[in-house]
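S.K.: Let me give you the structure first, and then I'll get to my questions.
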Amino acid sequence: MVRKLSLPIKTAITLAALLAATTAQAALTTYTSQASYLAAVGNTGIDDFNDLTSAGYIGPLSRTAGAYGYSVSSSPNSPVLYGAGPTGDAWLSTNNARDAITFNNFTGGSIAGAGGYFFGSNIAGGFTSATELILKATDSTGATLTYSLANPGTSSFLGFVSTGLITSLSVSVTQPGSGFIWPTVNNLNLSVSAVPEPETYGMMLAGLGMLGLAARRRNGAKN
């Protein structure tokens, strides 16, 4: 004999399935100001790169942004990363202008947001105008969002936030017709997701509890 589920139990199962589907179908959102990015995430750690000097560093490098760890690498032409920028405000760049900087292997928390200041630098490590930077973020579902940052300056912030987890972030430069421009990053932000409103989960759990209670009462009435 197959026992049929009562309507309240079916409804509860449907709600649970919808919640699971919402979690599985993660979405990526971009923010072009640090203030709006920080408003969309939870605790944030920042790596200002000020320990770097004007020298080459063979990657991948293991670094930290506050409480969070990460790996950064340069590819596909050279594994060497480069310390750029003025004294007292170091930046992270590549040794080969045609390479991309990739941040991944995040640790210390469930990283749902990643961002920073992205721009171009010249062969001496100083700022130079880039026509276009290409940033690409990938999340835990495999979804990828590519963003074209036009004419960025040293104050050009871009952040990505996922409803899942960020697994990698890369930046590269669209090279001009003559000369070279190096992809450059300052103040990398790594963030966990914002804490959900307590009343949201409270109402949801209360609703599911009432459905379960109604089901028990209805089943009890049949006995």
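For the sequence shown, the residue numbers in mature numbering (1 follows the signal peptide of the UniProt record, and there is no 0) are -26 to -1, 1 to 197. Ideal Cβ positions, reconstructed from N, Cα and C, are used throughout, including at glycine.
1) Quick one: what's got a C-beta closer than 6 Å to N160's C-beta in the same chain, skipping five residues either side?
2) For S36, count the other beta carbons within 10 Å of its own beta carbon; 16 or more makes it buried, fewer makes it exposed. Which is it?
3) Any contact between the stretch 9 to 21 and the stretch 73 to 93? By contact I mean 3 or more CB pairs, one from each, below 8 Å.
4) Going by the beta-carbon positions, is the gap between G99 and A58 smaller than 8 Å?
5) Taking T115 as the reference, which of V147, T137, A71 has the closest Cα?
6) Quick one: grab the DSSP three-state call for A111.
7) Quick one: what's got a C-beta closer than 6 Å to Y11's C-beta in the same chain, skipping five residues either side?
8) Considering only residues of the stretch 127 to 163, which uninterrupted alpha helix (DSSP H) runs meet the minimum length of 4 residues and lie entirely inside it, listed in chain order?
9) Can you tell me the Cα-Cα spacing of G127 and V169, whole angstroms?
10) Indicate the three-state DSSP secondary structure (helix, strand or coil) for S28 in the structure shown.
11) Could you give the DSSP three-state label for S10: helix, strand or coil?
12) What's the C-alpha gap between Y56 and D113?
13) For I97, which option in S28, I108, S130, G151 has the closest C-alpha, if you only look at C-alpha atoms?
14) Report the option in I140, S45, K110, A104 whose CA atom is closest to the CA atom of Q149.
15) If you count every other CB in all the chains shown that lies within 10 Å of the CB of P157, and 16 or more means buried, which is it?
16) Please report the distance separating the alpha-carbon of S7 from that of G30.
17) Determine the direct distance from the alpha carbon of Y121 to that of M178, and round the result to whole angstroms.
M.R.: From the atom records:
1) Excluding sequence neighbours, N160 sits near W65, Y91.
2) With fewer than 16 other Cβ atoms from the protein chains shown falling within 10 Å of its own Cβ, S36 counts as exposed.
3) Segments in contact, yes.
4) Taking 8 Å as the Cβ cut-off, G99 and A58 qualify as a contacting pair.
5) Closest by alpha carbon: T137.
6) DSSP places A111 in strand when its eight states are reduced to three.
7) Excluding positions up to five away in sequence, the list reads Y5, G89, G133.
8) As far as the stretch 127 to 163 is concerned, it has no whole alpha helix (DSSP H) run of at least 4 residues.
9) Going by the C-alpha atoms only, they are around 32 Å apart.
10) DSSP places S28 outside both helix and strand once states are collapsed to three, so it counts as coil.
11) In the three-state reduction of the DSSP assignment, S10 falls in the helix class.
12) In this structure, the alpha-carbon of Y56 lies about 27 Å from that of D113.
13) Closest option to I97, Cα to Cα, is S28.
14) Closest in C-alpha terms to Q149, from the list I140, S45, K110, A104, comes A104.
15) When all chains shown are included, P157 counts as buried.
16) Cα atoms of S7 and G30: separation of roughly 30 Å, rounded to the nearest angstrom.
17) Residue placement at M178 cannot be trusted, given a pLDDT of 46 that sits under 50; the coordinates are not used to answer.
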